[in-house]
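Engineer: Here it is: the structure, laid out below.
Numbering (my numbering), first residue to last: 3 to 294.
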């Protein structure tokens, strides 16, 4: 089932629901500047054997409306979008799986829409920032990735942009799992052709105001079962980020996936699917109107 969801005047999100009718729902919340199609097909396919899987394109990604350049929004709006997607499909509660920025959005749902979350899985995640936190208070990113990111503002021709992007993907993939360099180069060449010469390297979600994310102390009141899945080689949110997150949520536990970095690698996707499927509580999911 596919549909476009109205989340604000003039803003629609593309969303897709797959899997057998009547089964527990898993809502997948992608990372920054990533569409629902960024979730590996193998992971989605494995989950849809016994669950309904709901994916959607964040605003300014995929088939959803591009709006940031004419009407900037804070990062927190992306969390309210997730609730609107659940509403559009008549889903009152779901297991919510978020990766990277999507994991921070899932934390916001645990705080502001806990009645909609039967359980939560946080992948490649860091805890919401502390109020008044400085960048130095957060572990990571790795020195190599930080050097690449410092080059975001540099002028490059389209071919150089492609190579810069491929190097970023290489680092996000990590050193221990095979890197499909040619596939990522083809992906970035297609993206460059669509973006054109004036497209910014910094995506809208990176440019969006993150100020309202600083709510880590509030995580102490979360009562929803939460699973934290960390990659042992994550260059963005390296250990001890997951340990800090688990310590912040009293109903959470942590599992480390060996060799995984910041991407959901096809070789690790089956392990993630097993972890997610084992954390879904069928009794905790309901179709019908949202709770009052």
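Don't be surprised by glycine CBs; every beta carbon is placed ideally from N, CA and C. All figures in this text were calculated on a predicted structure; none of them were measured in a lab.
Measure the CB-CB distance between residue 212 and residue 77 and report whether it falls below 8 Å.
Structural biologist: Yes. Within cutoff.
Engineer: On the CB-based measure, 16 or more other CB atoms within 10 Å of its CB, does residue 3 come out buried or exposed?
Structural biologist: exposed
Engineer: How long is the line joining the alpha carbons of residue 224 and residue 250, rounded to whole angstroms?
Structural biologist: 9 Å
Engineer: Would DSSP call residue 233 helix, strand or coil?
Structural biologist: Three-state result, residue 233: strand.
Engineer: Considering just the uninterrupted stretch of the beta strand (DSSP E) at residue 13, what are its terminal residues?
Structural biologist: Annotation: the continuous beta strand (DSSP E) that includes residue 13 extends over 13-20.
Engineer: Where residue 276 and residue 100 are concerned, what is the direct C-alpha to C-alpha distance, given to the nearest angstrom?
Structural biologist: 16 Å
Engineer: What's the gap between the Cα of residue 200 and the Cα of residue 161?
Structural biologist: Note that residue 200 scores 44 on pLDDT, short of 50, meaning its location in the model is unreliable and no value can be drawn from it.
Engineer: Within the same chain, show all residues whose beta-carbon is closer than 8 Å to that of residue 242, passing over the 5 residues directly before and after it, in chain order.
Structural biologist: 141
Engineer: Check whether the region 142-157 and the region 116-124 are in contact - that is, three or more C-beta pairs closer than 8 Å.
Structural biologist: These segments do not touch.
Engineer: Roughly how many angstroms lie between the CA atoms of residue 175 and residue 264, to the nearest whole one?
Structural biologist: Taking the straight line from one Cα to the other gives about 6 Å.
Engineer: Mind pulling the beta strand (DSSP E) runs of 3 or more residues that sit fully within the region 3-63?
Structural biologist: 4-10, 13-20, 27-31, 54-58
Engineer: Rounded to whole angstroms, what is the Cα-Cα separation between residue 50 and residue 62?
Structural biologist: 26 Å
Engineer: Express the C-alpha separation of residue 248 and residue 21 in angstroms, rounding to a whole number.
Structural biologist: Spanning the two alpha carbons is a distance of roughly 30 Å.
Engineer: Could you tell me which residues DSSP pairs with residue 228 in its beta bridges?
Structural biologist: 122, 254
Engineer: Hey, how far is the Cα of residue 231 from the Cα of residue 127?
Structural biologist: 8 Å
Engineer: Helix, strand or coil: which one does DSSP assign to residue 135?
Structural biologist: coil
Engineer: For residue 239, count neighbouring Cβ atoms within 10 angstroms of its own Cβ and tell me buried if that reaches 16, exposed if not.
Structural biologist: buried
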